[in-house]
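In our numbering, the protein residues as written are 70 to 415.
This is how it looks when you write it as structure tokens:
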């Protein structure tokens, strides 16, 4: 049993704490139970952004402001537990970006690493450090830290993609820098497809020397990823928690495609009923094909094509689908693993 403190001791402590406060100091024993918790204690909540609800607002944004005015016309997806912080998890940012026919999102660069995952349309491009790639639904595109990049849409239809960045993480480390390009669109000097030819066939140029931990392959076309998942499904049994799941990798090192953001694609076969899974990395999902349910804690998130949802750290969740579903996801797992913090439980 805890000893009953005398009123005099309590009063002395209060005076002591007040003196410490004036020195910008504080007693650890008063806050230790909140700092070092038995299990992860995140304010992040499970949540789903339904495409049918978001699409009208994305279109309205297109009528209200141009891509050039906005620099990036994006609706930020804020976790309900982190409102006002422009964050989908404690360490990650997510948003839905619209680029209309004929528009250009001007060139800039920043220390934050970014991914694009295409949700709607085809024919728009991203240019990264002098090479242009034309994007389609399901494609995963990287814009590495401190590389100039711009987007344009010469097609006749609007395009929407999910942005994923490590903004909160870079902000935590006070390492955020940004620079605008001298021109709206950078001059591209490489043949489109050159990047995929160099690094997308389990080979690399003999003279290549890595300058960054980010993958030199910055475009991962959905067609190849989908074919790989389909082949896996035909030849092996599904994993009980996540079905068939692939990790995007740096083809030169075999490590993560991005040093701060882990990226994945998974297929849940028709009739899949998954077992509970949890891990310390909060995970953001975007639905490419099919539909189903994610049961996160006691909450059911019913998902369909183009929906985006988030599963917080250490909250058990599972998948149930009636039809085949394909999901893209990203998390901060590479950072947690590099720091020996990452854990999972089945």
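We treat Cβ as the ideally placed atom computed from N, Cα and C, and that holds for glycine. From a predicted model like this one, the values you see are computed outputs, not experimental measurements.
Below-8 Å beta-carbon distance, residue 158 vs any chain B residue: Checking the listed chains, one finds no chain B in this structure; it contains a single protein chain.
Whether residue 397 touches residue 365 by CB criterion (8 Å): Here residue 397 refers to the residue found at position 328 when the chain shown is read from its first residue. Here residue 365 refers to the residue found at position 296 when the chain shown is read from its first residue. Not closer than 8 Å, so no.
Segments of 3+ residues assigned as beta strand (DSSP E) that fall wholly inside the stretch 364–404: 368–372, 377–380, 386–389 and 394–400
Alpha carbon of residue 305 to alpha carbon of residue 183, nearest angstrom: Residue numbering aside, residue 305 sits at position 236 when the chain shown is read from its first letter. Residue numbering aside, residue 183 sits at position 114 when the chain shown is read from its first letter. Each residue's Cα considered, the two are about 33 Å apart.
Span of the beta strand (DSSP E) around residue 204: The count along the chain shown starts at 1 and reaches residue 204 at position 135. 200–205 is the extent of the beta strand (DSSP E) around residue 204.
Residue(s) in a DSSP beta bridge with residue 209: Within the chain shown, numbered from 1, the residue matching residue 209 stands at position 140. Answer is 186 and 289, bridged to residue 209.
Beta carbon of residue 202 nearer than 8 Å to that of residue 270: One-based indexing of the chain shown puts residue 202 at position 133. One-based indexing of the chain shown puts residue 270 at position 201. No; because the gap between Cβ atoms is not below 8 Å, this pair is not in contact.
Boundaries of the beta strand (DSSP E) in which residue 315 is found, first to last residue: The residue you call residue 315 lines up with position 246 of the chain shown. Per DSSP, residue 315 belongs to the beta strand (DSSP E) from 313–316.
Meets three-Cβ-pair contact criterion under 8 Å: the stretch 176–196 and the stretch 220–228: yes
Rounded separation between residue 291 and residue 208 - CA only: Position 222 of the chain shown, counted from the start, is the residue given in the question as residue 291. Position 139 of the chain shown, counted from the start, is the residue given in the question as residue 208. In a straight line, the C-alpha of residue 291 is about 5 Å away from that of residue 208.
DSSP bridge partner residues for residue 220 (one or two, in chain order): Walking along the chain shown from the start, residue 220 turns up at place 151. Beta-bridge pairing links residue 220 to 174 and 195.
Proximity to residue 106 [Cα-Cα], best of 177, 383, 389 and 394: One-based indexing of the chain shown puts residue 106 at position 37. Of the candidates 177, 383, 389 and 394, the one whose C-alpha sits nearest the C-alpha of residue 106 is 383.
Backbone CA spacing between residue 406 and residue 81 [nearest angstrom]: Sequence index remark: in the chain shown, residue 406 carries index 337 (1-based). Sequence index remark: in the chain shown, residue 81 carries index 12 (1-based). One C-alpha to the other measures close to 45 Å.
CB-CB length for residue 238 against residue 329, believed under 8 Å: In the chain shown, residue 238 corresponds to position 169, counting from 1. In the chain shown, residue 329 corresponds to position 260, counting from 1. The Cβ separation is near 6 Å, so the contact holds.
Nearest-angstrom Cβ-Cβ length linking residue 232 and residue 166, presumed shorter than 8 Å: Residue numbering aside, residue 232 sits at position 163 when the chain shown is read from its first letter. Residue numbering aside, residue 166 sits at position 97 when the chain shown is read from its first letter. That pair is a contact at about 5 Å.
Through-space distance from residue 297 to residue 157, alpha-carbon basis: In the chain shown, the residue the question calls residue 157 occupies position 88. In the chain shown, the residue the question calls residue 297 occupies position 228. So the two alpha carbons sit approximately 29 Å from each other.
Per DSSP, the bridge partner or partners of residue 179: The residue labelled residue 179 in the question sits at position 110 within the chain shown. Answer is 247, bridged to residue 179.
Nearest-angstrom Cα separation, counted from residue 154 out to residue 274: Locating residue 274 in the chain shown gives position 205, counting from the first residue. Locating residue 154 in the chain shown gives position 85, counting from the first residue. Cα to Cα, the separation comes out at about 42 Å.
Between the CA atoms of residue 168 and residue 204 - distance to the nearest angstrom: By one-based count along the chain shown, residue 204 stands at place 135. By one-based count along the chain shown, residue 168 stands at place 99. Between residue 204 and residue 168, the C-alpha separation is close to 12 Å.
Between the CA atoms of residue 359 and residue 391 - distance to the nearest angstrom: Taking the first residue of the chain shown as 1, we reach residue 391 at position 322. Taking the first residue of the chain shown as 1, we reach residue 359 at position 290. Straight-line Cα distance between these residues: approximately 9 Å.
Residues that DSSP places opposite residue 337 in a beta bridge: Translated into positions along the chain shown, residue 337 becomes position 268. Per DSSP, 394.
Environment of residue 377 [buried if 16+ CB atoms lie within 10 Å]: One-based indexing of the chain shown puts residue 377 at position 308. Buried: at least 16 other Cβ atoms inside 10 Å.
Proximity winner among 110, 252, 283 and 256, relative to residue 317 (alpha-carbon distances): The sequence position of residue 317 within the chain shown is 248, counting from 1. Cα-wise, what sits closest to residue 317 is 283.
Buried or exposed (CB count within 10 angstroms, at least 16 for buried), residue 294: In the chain shown, the residue the question calls residue 294 occupies position 225. So residue 294 ends up on the buried side.
Neighbourhood of residue 148 by C-beta distance below 7 Å, restricted to the same chain and skipping five residues each side: The count along the chain shown starts at 1 and reaches residue 148 at position 79. These residues qualify, in order along the chain: 113, 114, 116, 156, 157, 158 and 379.
Residue 302 to residue 98 span [Cα, whole Å]: Here residue 302 refers to the residue found at position 233 when the chain shown is read from its first residue. Here residue 98 refers to the residue found at position 29 when the chain shown is read from its first residue. Using only the alpha carbons, I get a separation of about 53 Å.
C-alpha distance - residue 367 paired with residue 280, whole-angstrom precision: What you label residue 367 is simply residue 298 of the chain shown in a count that begins at 1. What you label residue 280 is simply residue 211 of the chain shown in a count that begins at 1. Cα to Cα, the separation comes out at about 45 Å.
Cutoff 6 Å; reference residue 414; Cβ partners in own chain excluding five residues on either side: Here residue 414 corresponds to residue number 345 of the chain shown, with the count starting at 1. The residues are 347.
Contact set for residue 83: own chain, Cβ-Cβ below 6 Å, skip 5 residues either direction: As a position in the chain shown, residue 83 is number 14, starting the count at 1. Correct list: empty, nothing qualifies.
Under 8 Å between C-beta atoms of residue 146 and residue 118: Here the question's residue 146 lines up with position 77 in the chain shown. Here the question's residue 118 lines up with position 49 in the chain shown. The answer is yes: Cβ separation under 8 Å.
Selected residue, minimal CA-CA separation from residue 172, among 161, 200 and 140: Within the chain shown, residue 172 is the residue found at index 103, counting from 1. Checked all of 161, 200 and 140; the closest Cα to residue 172 is 140.
Whole alpha helix (DSSP H) elements within the stretch 131–159, 4-residue minimum: 136–139
Test item: CB-CB of residue 189 and residue 206 under 8 Å: Counted from its first residue, the chain shown places residue 189 at position 120. Counted from its first residue, the chain shown places residue 206 at position 137. Cβ atoms of residue 189 and residue 206: closer than 8 Å.
Pair within 8 Å by beta-carbon distance, residue 257 and residue 176: As a first step, residue 257 is located in the chain shown; it is residue number 188 there, counting from the start. As a first step, residue 176 is located in the chain shown; it is residue number 107 there, counting from the start. Result no, Cβ atoms of residue 257 and residue 176 do not sit closer than 8 Å.
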